[in-house]
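**Q** If you count the sequence shown from 1, you need to add 198 to reach our numbering. Quick reminder that beta carbons are idealized off the backbone N, C-alpha and C, glycines included. No experiment lies behind these values; they were computed from the predicted model shown. Below is a structure I'd like to ask you about.
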Amino acid sequence: MADTQAAKRLREYETIFLVKPDLTDDNVDKLKERVRGIVSREGGKVIRFTVWGKKKTLYPIAKQPRAIYVHANFLGDTKLVAEIERNLRNYDEVTRYLSVKLADEVDPESRPVLEDLKLAGDVEETRPGAAPVERVEVAEEAEEETPEEA
């Protein structure tokens, strides 16, 4: 009886992995499906995948200044995390990964499966009229208008 109740409780984990920036969306989706297959094969439950898009890294990783960030949120045990990390280590497309435990003893029935998200990522800094330059100009105009109105 105690074994049945203990088997139903899983830990909640998140894994963030960096993918080479020249990969297409289809290849990133295939990589997500591989990880999803590992989680379901090992008895876990995927909550959500979020592709954060292409972002600039702090320092070059695999001689690339940018990477595609993918966030996976799932339920499982320590063997599942070890298996996911073992597979990520073997994929040539993945340059870095990090797994973190978020919670202990989570009931899988209480956590619904959420829809996968895809976010835009960073804007190019070399593009003329990038967002930070526009914000500075708008802020200066707003400051100039305030003293005239008063």
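1) Where does A260 sit, in a helix, a strand or coil, going by DSSP?
2) Just to confirm, are V311 and V244 a CB contact at a threshold of 8 angstroms?
3) Starting from V311, trace the alpha helix (DSSP H) both ways and give me its first and last residue.
4) So, under 8 angstroms CB-CB, R264 and P219 are touching, yes? Tell me the CB distance rounded to an integer number of Å.
5) In chain order, which alpha helix (DSSP H) runs of at least 4 residues are fully inside the region 269-315?
6) Consult DSSP for L229 and reduce its assignment to one of helix, strand or coil.
7) Could you check what DSSP says for R246 in three-state terms: helix, strand or coil?
8) How many angstroms separate the CA atom of S238 from the CA atom of T276?
9) So, does the CB of W250 fall closer than 8 angstroms to a CB anywhere in chain C?
10) Go through its chain and collect everything with a Cβ distance to E212's Cβ below 8 angstroms, but skip five positions before and after it.
11) Terminal residues of the continuous beta strand (DSSP E) containing E240?
**A** For this structure:
1) Along the sequence shown, read from residue 1 onward, the residue named residue 260 stands at position 62. Of the three classes helix, strand and coil, the one that applies to A260 here is coil, per DSSP.
2) Position 113 of the sequence shown, counted from the start, is the residue given in the question as residue 311. Position 46 of the sequence shown, counted from the start, is the residue given in the question as residue 244. Going by C-beta atoms, V311 is nearer than 8 angstroms to V244.
3) Start at 1 with the first residue of the sequence shown, and residue 311 comes out as number 113. No alpha helix (DSSP H) holds V311; DSSP gives it neither H nor E.
4) Taking the sequence shown and counting its residues from 1, one reaches residue 264 at position 66. Taking the sequence shown and counting its residues from 1, one reaches residue 219 at position 21. Yes, they are in contact, since the Cβ atoms of R264 and P219 sit about 5 angstroms apart, within 8 angstroms.
5) 276-288
6) The count along the sequence shown starts at 1 and reaches residue 229 at position 31. In this structure, L229 counts as helix in the three-state DSSP scheme.
7) The count along the sequence shown starts at 1 and reaches residue 246 at position 48. Reduced to three states, the DSSP call for R246 is strand.
8) Here the question's residue 238 lines up with position 40 in the sequence shown. Here the question's residue 276 lines up with position 78 in the sequence shown. Answer to the nearest angstrom: the Cα atoms are 14 angstroms apart.
9) Given the protein chain composition of this structure (a single chain), no chain C is represented.
10) As a position in the sequence shown, residue 212 is number 14, starting the count at 1. These residues qualify, in order along the chain: H269, A270, N271, F272, S297, V298, L300.
11) On the sequence shown, position 42 is the one that residue 240 refers to. Element bounds for E240: n/a, residue is neither H nor E.
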